[in-house]
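Protein chains in written order, with UniProt numbering: chain A, 1 to 321; chain B, 1 to 415.
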């Protein structure tokens with residue numbers, strides 16, 4: 001996923017301003033031989049640049065080429081220009097898929113952030129066995145989505161699932177979770193938030209630990225309440241971590257697929273047909289690789305625009321200490 | 001700080017490691033047979049779910065007769081098979097020979113992905129052989145045919161005192177029996193027939209309706225017959241049949257329910273005879289009840305040789321053995337698998353003598369009035385649209401009339 005290639009803004013946020021001498025040290029050292037310096041840089045970049053080129057850039061360019069064709073993967077491609085894009089933009093299914101994806105993000109992002117923040121705050125205290133808890137919360141993050149999605153599908157099984165069974169014991173008639181169109185997306189959101197909260201927690205925990213203790217001491221001397229310290233010290237100084245979490249979670253949110261594919265397959269009645277599920281269905285179920293590639297590029301443009309807006313907007317609310 | 005040249009060497013080593021890791025990812029085309037052996041890879045779905053060892057027996061017999069050929073079978077469940085095959089063909093990693101159902105044969109034949117076969121077709125039922133010709137050339141061999149019948153649990157019928165189904169039954173008889181047999185407290189269900197495309201085009205024919213107009217240019221099922229068929233299918237869920245929320249529609253749910261003796265009637269294919277041979281209760285089959293008329297679903301599978309195969313002759317030899325050898329005929333008949341497409345009807349006689357089920361004649365009686373699935377270019381989209389709209393009606397999200405009208409409109413857009 002994209003997390004691997006995205007820079008971590010909290011690094012720059014938490015380091016002290018560098019001395020100019022420091023910043024140019026390498027350039028000065030190799031100053032006499034720029035070519036040699038470039039060669040060494042290339043060598044260091046190669047381990048990530050080569051796979052990036054082979055597995056990301058080349059497929060991207062070829063998908064752009066495919067998006068200009070009709071292709072069912074079996075018969076030869078037929079050039080159609082921008083017809084696939086026109087078709088998709090006038091197709092209600094496309095807009096529905098973007099709608100479902102936005103619905104997912106609207107539920108997932110606040111939930112995963114609040115849960116992750118709560119876990120980070122709780123585990124940033126001198127709690128006994130906090131390392132065990134940290135590991136426990138992080139475990140789902142490194143677990144395969146197929147396993148997690150099957151587990152949640154089973155937990156939320158309307159007739160035989162543990163969740164509805166427990167609800168029944170307290171006298172509540174549990175919903176049809178992934179068989180009811182109204183509950184299918186909340187089911188997916190719940191599973192996603194459960195899996196990802198450990199990632200959010202780790203990032204925010206690192207952010208919390210970089211906040212200098214003197215600030216809290218000073219705030220206490222000023223007679224602030226715990227809520228005021230959280231609101232006026234913790235939250236502002238956590239904003240670089242929050243920004244990173246929001247950017248990454250939004251990108252991952254637009255790309256939501258594994259859990260949907262395993263838990264609902266886009267159903268029931270298309271209620272969880274998100275954009276990437278649509279791309280999958282178009283290619284592998286319906287043999288419409290051209291349309292699927294065009295939809296991939298529409299998604300790329302949307303994610304790009306949203307990310308640019310976020311990066312521009314960060315100046316208004318992100319505080320770098 | 002470490003010397004830059006040493007660091008450079010470390011980076012180069014890391015890059016090499018990364019590159020070698022990449023090369024491991026590429027798909028190997030075959031395992032490579034022993035010395036002098038030709039490897040023929042064969043991709044298929046129809047042995048999945050209980051007939052794997054029967055296919056293995058046919059492979060073993062072929063390899064005994066042809067010691068220079070090593071057949072490597074790759075079995076995939078039906079639900080994933082065509083996705084996998086399509087991707088393999090696009091990537092040029094498809095097997096030398098592979099299985100296709102009749103609905104998908106045309107697409108592959110037109111694509112140029114199939115090699116022309118040179119066979120003496122006398123062994124095959126002529127109509128089945130012709131089904132796998134395209135523009136006058138033989139691009140595939142018929143592999144098997146099968147139909148769908150009504151399975152029923154005799155013990156449950158006896159316990160409930162309900163008379164067993166006969167060939168004269170109509171939907172009304174089935175409905176009445178299903179209601180009498182359903183005992184939700186005991187977890188016993190009367191009937192199982194999902195509201196899907198594959199049941200709908202058949203029920204539609206039973207109701208006397210048509211799926212497409214004569215010239216195939218538009219749908220014809222938004223009709224009283226279509227509504228009758230959809231009402232018949234969607235009315236079962238939650239009354240005499242488990243709902244989706246109770247697990248219906250998940251893989252093996254229906255076969256497990258029947259095997260556990262908790263399902264009285266089950267609409268399923270004759271390929272289940274073998275897998276059901278060992279259940280601890282009495283069961284039999286009967287031609288599916290009709291409405292205005294009888295109509296049974298018939299399926300034909302074929303096998304083809306890839307145009308990219310490096311061993312087309314060996315691949316064809318395997319396919320001829322697989323489709324028409326006496327070993328295959330015996331194995332298929334003894335196992336109660338799908339039937340062999342052979343012209344010599346006398347060879348099929350042993351099939352009728354076996355039990356269970358006692359009423360194997362129903363398999364051939366069903367062939368008297370069959371209905372084939374409608375086939376269009378955008379087949380999967382049509383199937384999904386019809387299944388989804390029927391599901392909306394079954395779950396009560398739409399009226400049956402609305403669901404049928406919406407399904408017809410969606411299919412019309414695909415034509």
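From the three backbone atoms N, C-alpha and C, an ideal C-beta is built for every residue, glycine too.
Counting only the same chain and skipping the five closest in sequence on each side, list residues whose C-beta sits under 7 angstroms from that of residue i.
i              : result
residue 123(B) : 324, 342, 343
residue 386(B) : 197, 200, 407, 411
residue 441(B) : Here chain B comprises residues numbered 1 to 415, so residue 441(B) is not present and cannot be evaluated.
residue 323(A) : Here chain A has residues from 1 to 321 only, and residue 323(A) is not among them.
residue 62(B)  : 71, 318, 321
residue 409(A) : Shown here, chain A extends from 1 to 321; a query on residue 409(A) therefore has no answer.
residue 78(B)  : 45, 48
So if DSSP puts residue i in a beta bridge, which residue, or which two residues, is it bridged to?
i              : result
residue 299(B) : 146(B)
residue 87(A)  : DSSP lists no partner for residue 87(A).
residue 41(B)  : 72(B)
residue 78(A)  : 70(A)
residue 342(B) : 124(B)
residue 418(B) : As displayed, chain B neither begins before 1 nor continues past 415, which places residue 418(B) out of reach and without an answer.
residue 153(B) : 283(B)
residue 241(B) : 237(B)
residue 137(B) : 134(B)
residue 219(B) : 212(B)
residue 147(A) : Per DSSP, none; premise fails for residue 147(A).
Which first and last residues belong to the beta strand (DSSP E) in which residue i is found?
i              : result
residue 377(B) : Unbroken run through residue 377(B): none, as it is neither H nor E.
residue 69(B)  : 69-75
residue 100(B) : 97-101
residue 189(B) : Unbroken run through residue 189(B): none, as it is neither H nor E.
residue 296(A) : It is not in any beta strand (DSSP E) - residue 296(A) instead sits in the alpha helix (DSSP H) that spans 289-317.
residue 265(B) : 265-269
residue 285(B) : 283-286
Looking only at its chain, what residues have a beta carbon closer than 8 angstroms to the beta carbon of residue i, apart from the 5 residues adjacent to it on each side?
i              : result
residue 112(B) : 307
residue 36(B)  : 68
residue 124(A) : 205, 208, 209
residue 127(A) : 133
residue 208(B) : 225, 291, 292, 293
residue 82(A)  : 68
Near residue i, which residues of its chain fall below 6 angstroms by C-beta distance, leaving aside the five closest residues on each side in sequence?
i              : result
residue 195(B) : 233, 234, 390, 394
residue 192(B) : 241, 254, 263, 266
residue 134(B) : 109
residue 49(A)  : none
residue 312(A) : none
residue 187(B) : 262
residue 334(B) : none
residue 243(B) : 237
residue 106(B) : none
residue 301(A) : none
Looking at the ligand SAH, does it come within less than 7 angstroms of residue i, judged from the CB to the closest heavy atom?
i              : result
residue 216(B) : The ligand SAH is not among the ligands present in this structure, which contains no ligands whatsoever.
Between residue i and residue j, how many whole angstroms is the CB-CB distance? I'm expecting something under 8 angstroms.
i              : j              : result
residue 329(B) : residue 315(B) : Their Cβ separation, rounded to whole angstroms, is 21 angstroms, which puts residue 329(B) and residue 315(B) out of contact at 8 angstroms.
residue 359(B) : residue 285(B) : 6 angstroms
residue 148(B) : residue 268(B) : 7 angstroms
residue 272(A) : residue 184(A) : 5 angstroms
residue 159(A) : residue 246(B) : 4 angstroms
residue 370(B) : residue 296(B) : 5 angstroms
residue 142(B) : residue 300(B) : 6 angstroms
residue 198(A) : residue 137(A) : 4 angstroms
residue 191(A) : residue 115(A) : 13 angstroms between Cβ atoms; not a contact.
In the DSSP assignment, find the unbroken alpha helix (DSSP H) run with residue i in it and report its ends.
i              : result
residue 185(A) : 181-209
residue 50(A)  : 34-52
residue 239(A) : 235-254
residue 227(B) : 224-234
residue 92(A)  : 92-123
residue 334(B) : 326-335
residue 174(B) : 171-181
residue 198(B) : 197-206
residue 260(B) : Note, residue 260(B): premise wrong, no alpha helix (DSSP H); not H, not E.
Does the pairing of the segment 376-385 of chain B with the segment 163-179 of chain B give three or more beta-carbon distances under 8 angstroms? Here the segment 376-385 of chain B makes no contact with the segment 163-179 of chain B; the two share fewer than three CB pairs at distances below 8 angstroms.
Three or more C-beta pairs below 8 angstroms linking the segment 215-227 of chain A and the segment 241-252 of chain A: No, because fewer than three Cβ pairs between the segment 215-227 of chain A and the segment 241-252 of chain A fall closer than 8 angstroms, the two stretches do not touch.
Any contact of the segment 60-77 of chain A with the segment 288-302 of chain A, i.e. 3+ C-beta pairs under 8 angstroms? A contact is defined here as three or more CB-CB pairs under 8 angstroms, and the segment 60-77 of chain A meets this definition with respect to the segment 288-302 of chain A.
Does the segment 256-266 of chain A come into contact with the segment 139-147 of chain A, if we say contact requires no fewer than three beta-carbon pairs (one atom in each stretch) closer than 8 angstroms? Proximity of the segment 256-266 of chain A to the segment 139-147 of chain A meets the contact definition, three or more beta-carbon pairs being nearer than 8 angstroms.
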